[in-house]
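**Student:** Below are the structure tokens for one structure; questions will follow.
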Amino acid sequence: MLRSSSICASFLYNYLMSDSDCKDENGQPLDKSVQKLRCLTDTLESYGGVLSKLSQMLSLNDQNSAVFSDCKPFSKEKTISYFKNFIDDSELQLQSVNFDVYKSGSVGQVHKAMYKGKDVVFKVQYVGLAEQTRTDLNMLDTITSYLYYFADMKHAMIDIKTKMYEELDYKMEATNQKRMYRLYKDSDFIEIPKIISKLCTDTVLGMYFVKGRCLRDFIDDSTQEQRNKFGMCAVKFVFENIYKHGILYSDVHYGNFLVKDDSTLCVLDFGCLHDINETLLNHIRDLHRSIRSGDKDKFYRIVEEMGIIKKDISESSRKYIYDYFCIQYEPWTSEEFEFTDEWLDMATDKETDLMKEWTLPQDMVYFNKIPYGMYHILTKLKLKGRFLEVFDAIFEKIV
């Protein structure tokens, strides 16, 4: 109760103290709903832990959010003490271990070590996070009803809460990471750190260290050719997983992507991996094909079957949903496309009154991470490429 009251008070203070004439990075006035969103995400981010993850999720509506990177640690010193005891009690025979925090995430912190002559890292879950998560998730219904535009978020909330708890399950994350490692172990453009099962427990993940640059630093001092190469790797990774393997990697943000020396991609953190059921997978494949071919009748049939709209939807909302989806798919259905700030502004603009007639189905809320996580990064990269060829090649491989 005290924590909830503190969070509410912090949010109200941040909102009341915010500049009523706030502008975005292009100098345009911010919508009031975006101002509320930024105040709330700033508040949640300041508390760390699972609230940082909620902050990232809520930032799906704000392409300029800065929360998609390192997070404030939840219980840094307690977790260091826990990790020291873990090392002392184990028989891992490490050559060295560094108890200084290497990186902080929303669920755990990372420490470096040396194991059998090779660099490794340990991802250690924050002490007390599991207990606090149960309390924090009780705020989720109120937060989403306050900010999101869809009329029915009930099923989506079930999926969000389930995935939040799954992110605390390190055994599941280890299984997910091993699975992704097997898929990409022979890839020329993707590297997944290899899990070391002997170094893993319910609250500790051990894996081989992969050297790479921070994505933000790479964006600041790389050439456009290097950025295009990296961006294309990211596009192939996300969408080959969706359309070919039926897997959604939804944790797309700066902290989970490393850039290797040859501008290829290393992907981290597999606590939030989604298996797409066969019905949904067929629907999203057909949705892409319908927009690719300009088949409106097929598009409307699919979104009705998916439960996004009903037959009695208003004509204006019905027209808008097609236009909205066409903008979201424009990069992938154009012969050549360049991600620009102007396009991103257009893609993230919403007719919220018309969207209230739509429903966000269960298992689909995390797909919003593509336009608001993925597109944000690709725009910062100023990515330009012939994506139609990439997607046609992906669909050719689908049986």
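According to UniProt numbering, the sequence shown is numbered sequentially starting from 1.
Glycine included, every Cβ here is placed at the ideal spot set by N, Cα and C.
In this text the structure is predicted, and so the values were computed from the model without any measurement.
#1: Using a 10 Å radius around the Cβ and a threshold of 16 neighbouring Cβ atoms, would you call residue 223 buried or exposed?
#2: When the Cα of residue 296 is compared with those of 320, 282, 352, 278, which residue comes out closest?
#3: Just to confirm the assignment, what range does the beta strand (DSSP E) spanning residue 255 have?
#4: Rounding to the nearest angstrom, what Cα-Cα distance links residue 192 and residue 313 in this structure?
#5: Could you give the DSSP three-state label for residue 93: helix, strand or coil?
#6: For residue 288, name the three-state secondary structure that DSSP assigns.
#7: Measure from the alpha carbon of residue 324 to the alpha carbon of each residue in 216, 89, 371, 307, then state which is nearest.
#8: In the DSSP assignment, the beta strand (DSSP E) including residue 237 goes from what residue to what residue?
#9: By how many angstroms is the C-alpha of residue 333 removed from the C-alpha of residue 299?
#10: Would you call the CB atoms of residue 311 and residue 305 closer than 8 Å?
#11: From residue 344 to residue 254, what distance separates their C-alpha atoms?
#12: Compute the distance between the beta-carbons of residue 133 and residue 109, then report whether it is under 8 Å.
#13: Residue 258 and residue 212 look like a contact to me (Cβ under 8 Å); what is the Cβ gap, rounded to whole Å?
#14: Considering only their Cβ atoms, is the gap separating residue 276 from residue 359 smaller than 8 Å?
#15: CB-CB under 8 Å to residue 130, same chain, minus the five flanking residues each way: which ones, in chain order?
#16: Does residue 238 pass the burial test, meaning 16 or more other C-beta atoms within 10 Å, or should it be called exposed?
#17: Please identify the residue among 383, 81, 361, 395 whose C-alpha is closest to the C-alpha of residue 233.
#18: Could you tell me the boundaries of the beta strand (DSSP E) in which residue 115 lies?
#19: Note down, in chain order, each residue of its chain lying with its Cβ closer than 7 Å to the Cβ of residue 189, except the 5 sequence neighbours on either side.
#20: Would you say residue 99 and residue 180 are within 8 Å of each other, going by their C-beta atoms?
#21: Taking residue 231 as the reference, give the member of 387, 396, 397 with the closest Cα.
#22: Could you tell me the alpha carbon to alpha carbon distance between residue 219 and residue 381, rounded to whole angstroms?
#23: Quick check: the Cα distance between residue 364 and residue 281, rounded to an integer number of angstroms?
#24: Check this for me: beta carbons of residue 288 and residue 329, under 8 Å apart or not?
#25: Which runs of the alpha helix (DSSP H), 4 residues or longer, sit entirely within the segment 284 to 337?
#26: Given residue 461, which residues of its chain have a CB within under 8 Å of its CB, disregarding the five upstream and five downstream residues?
#27: Measuring alpha carbon to alpha carbon, tell me which of 137, 198, 243, 214 ends up nearest residue 393.
#28: Could you tell me the distance, in whole angstroms, from the CA atom of residue 77 to the CA atom of residue 278?
#29: Measuring CA to CA, which of 182, 214, 197, 267 is closest to residue 245?
#30: On a Cα-Cα basis, can you pick out the residue from 117, 256, 301, 391 that is closest to residue 335?
#31: Relative to the alpha-carbon of residue 117, which residue among 103, 88, 126, 93 has its alpha-carbon at the smallest distance?
#32: Suppose you measure from the CA of residue 301 to the CA of residue 214; what does that come to, to the nearest Å?
#33: State the DSSP-derived secondary structure class of residue 352, mapped to helix, strand or coil.
#34: Skipping 5 residues on each side, what residues in its chain have a beta carbon closer than 7 Å to that of residue 194?
#35: In its own chain, which residues sit with a C-beta less than 7 Å from the C-beta of residue 291, not counting the 5 before and 5 after it?
#36: How should residue 379 be labelled, buried or exposed, when 16 other C-beta atoms within 10 angstroms of its C-beta is the threshold for buried?
**Tutor:** Put simply:
#1: Numbered from 1 along the sequence shown, position 223 holds the residue referred to as residue 223. Residue 223 comes out exposed.
#2: By one-based count along the sequence shown, residue 296 stands at place 296. Put simply, of 320, 282, 352, 278 the residue whose alpha carbon is nearest the alpha carbon of residue 296 is 320.
#3: Residue numbering aside, residue 255 sits at position 255 when the sequence shown is read from its first letter. Going by DSSP, residue 255 is part of no beta strand (DSSP E) at all; its letter is neither H nor E.
#4: The count along the sequence shown starts at 1 and reaches residue 192 at position 192. The count along the sequence shown starts at 1 and reaches residue 313 at position 313. Cα to Cα, the separation comes out at about 44 Å.
#5: Your numbering for residue 93 matches position 93 in the sequence shown. In the three-state reduction of the DSSP assignment, residue 93 falls in the coil class, being assigned neither a helical nor a strand state.
#6: One-based indexing of the sequence shown puts residue 288 at position 288. Judged by DSSP in its simplified three-state form, residue 288 adopts helix.
#7: Stepping through the sequence shown from its first residue, residue 324 is reached at position 324. Residue 324 has its Cα closest to that of 371, out of 216, 89, 371, 307.
#8: For the purposes of this step, residue 237 is taken as the residue at position 237 of the sequence shown. Here residue 237 belongs to no beta strand (DSSP E); instead the alpha helix (DSSP H) covers 224 to 243.
#9: Within the sequence shown, residue 299 is the residue found at index 299, counting from 1. Within the sequence shown, residue 333 is the residue found at index 333, counting from 1. If you take the alpha carbons of residue 299 and residue 333, they lie about 15 Å apart.
#10: The residue you call residue 311 lines up with position 311 of the sequence shown. The residue you call residue 305 lines up with position 305 of the sequence shown. Contact annotation: residue 311 and residue 305 have beta-carbon atoms that are not nearer than 8 Å.
#11: Start at 1 with the first residue of the sequence shown, and residue 344 comes out as number 344. Start at 1 with the first residue of the sequence shown, and residue 254 comes out as number 254. Roughly 18 Å between the two C-alpha positions.
#12: Residue mapping note: residue 133 aligns to position 133 of the sequence shown, counting from 1. Residue mapping note: residue 109 aligns to position 109 of the sequence shown, counting from 1. Remark: C-beta atoms of residue 133 and residue 109 do not approach each other more closely than 8 Å.
#13: For this step, residue 258 is matched to residue 258 along the sequence shown. For this step, residue 212 is matched to residue 212 along the sequence shown. Correct: roughly 3 Å between the Cβ atoms.
#14: Within the sequence shown, residue 359 is the residue found at index 359, counting from 1. Within the sequence shown, residue 276 is the residue found at index 276, counting from 1. No; because the gap between Cβ atoms is not below 8 Å, this pair is not in contact.
#15: One-based indexing of the sequence shown puts residue 130 at position 130. Closer than 8 Å at Cβ, skipping near neighbours: 168.
#16: By one-based count along the sequence shown, residue 238 stands at place 238. Buried is the call here.
#17: Along the sequence shown, one-based indexing puts residue 233 at 233. The candidate whose alpha carbon is nearest that of residue 233 is 383.
#18: Position 115 of the sequence shown, counted from the start, is the residue given in the question as residue 115. Residues 108 to 115.
#19: One-based indexing of the sequence shown puts residue 189 at position 189. Here the set comprises 233, 236, 264, 265.
#20: Residue numbering aside, residue 99 sits at position 99 when the sequence shown is read from its first letter. Residue numbering aside, residue 180 sits at position 180 when the sequence shown is read from its first letter. No. Outside cutoff.
#21: For the purposes of this step, residue 231 is identified with residue 231 of the sequence shown, where counting begins at 1. Comparing Cα positions, the closest option is 387.
#22: On the sequence shown, residue 219 is found 219 positions in, with the first residue counted as 1. On the sequence shown, residue 381 is found 381 positions in, with the first residue counted as 1. Near 6 Å, if we compare the C-alpha coordinates of residue 381 and residue 219.
#23: The count along the sequence shown starts at 1 and reaches residue 364 at position 364. The count along the sequence shown starts at 1 and reaches residue 281 at position 281. As the crow flies, the alpha-carbon of residue 364 is around 11 Å from that of residue 281.
#24: In the sequence shown, counting from the first residue as 1, residue 288 sits at position 288. In the sequence shown, counting from the first residue as 1, residue 329 sits at position 329. Against a cut-off of 8 Å, the Cβ pair of residue 329 and residue 288 comes out as a contact.
#25: Taking 4 residues as the shortest admissible run, the segment 284 to 337 contains the following complete alpha helix (DSSP H) segments, listed from N- to C-terminal end: 296 to 305, 315 to 333.
#26: Only positions 1 to 399 of the chain appear in the structure, and residue 461 is not among them; the question remains open.
#27: Numbered from 1 along the sequence shown, position 393 holds the residue referred to as residue 393. Each of 137, 198, 243, 214 was checked against the Cα of residue 393, and the nearest Cα belongs to 243.
#28: Within the sequence shown, numbered from 1, the residue matching residue 77 stands at position 77. Within the sequence shown, numbered from 1, the residue matching residue 278 stands at position 278. Looking at the two C-alpha atoms, the distance is approximately 44 Å.
#29: Position 245 of the sequence shown, counting from 1, holds the residue named residue 245. The option with the nearest alpha carbon to residue 245 is 182.
#30: As a working note, residue 335 is residue 335 in the sequence shown. Comparing C-alpha distances from residue 335 to each of 117, 256, 301, 391 shows the shortest one belongs to 391.
#31: Here residue 117 corresponds to residue number 117 of the sequence shown, with the count starting at 1. Ranking 103, 88, 126, 93 by Cα distance to residue 117 puts 93 first.
#32: The residue given as residue 301 occupies position 301 in the sequence shown. The residue given as residue 214 occupies position 214 in the sequence shown. Take the alpha-carbon of residue 301 and the one of residue 214: they are about 43 Å apart.
#33: Position 352 of the sequence shown holds residue 352. Looking at residue 352 - three-state DSSP - the assignment turns out to be helix.
#34: Position 194 of the sequence shown, counted from the first residue, corresponds to residue 194. So the list reads 181, 207, 208, once near-sequence residues are dropped.
#35: Translated into positions along the sequence shown, residue 291 becomes position 291. Excluding the 5 residues flanking it on each side, residue 291 has same chain C-beta neighbours closer than 7 Å at 299, 325, 326, 329, 333, in chain order.
#36: Here residue 379 corresponds to residue number 379 of the sequence shown, with the count starting at 1. Its Cβ being crowded by 16 or more others within 10 Å, residue 379 is buried.
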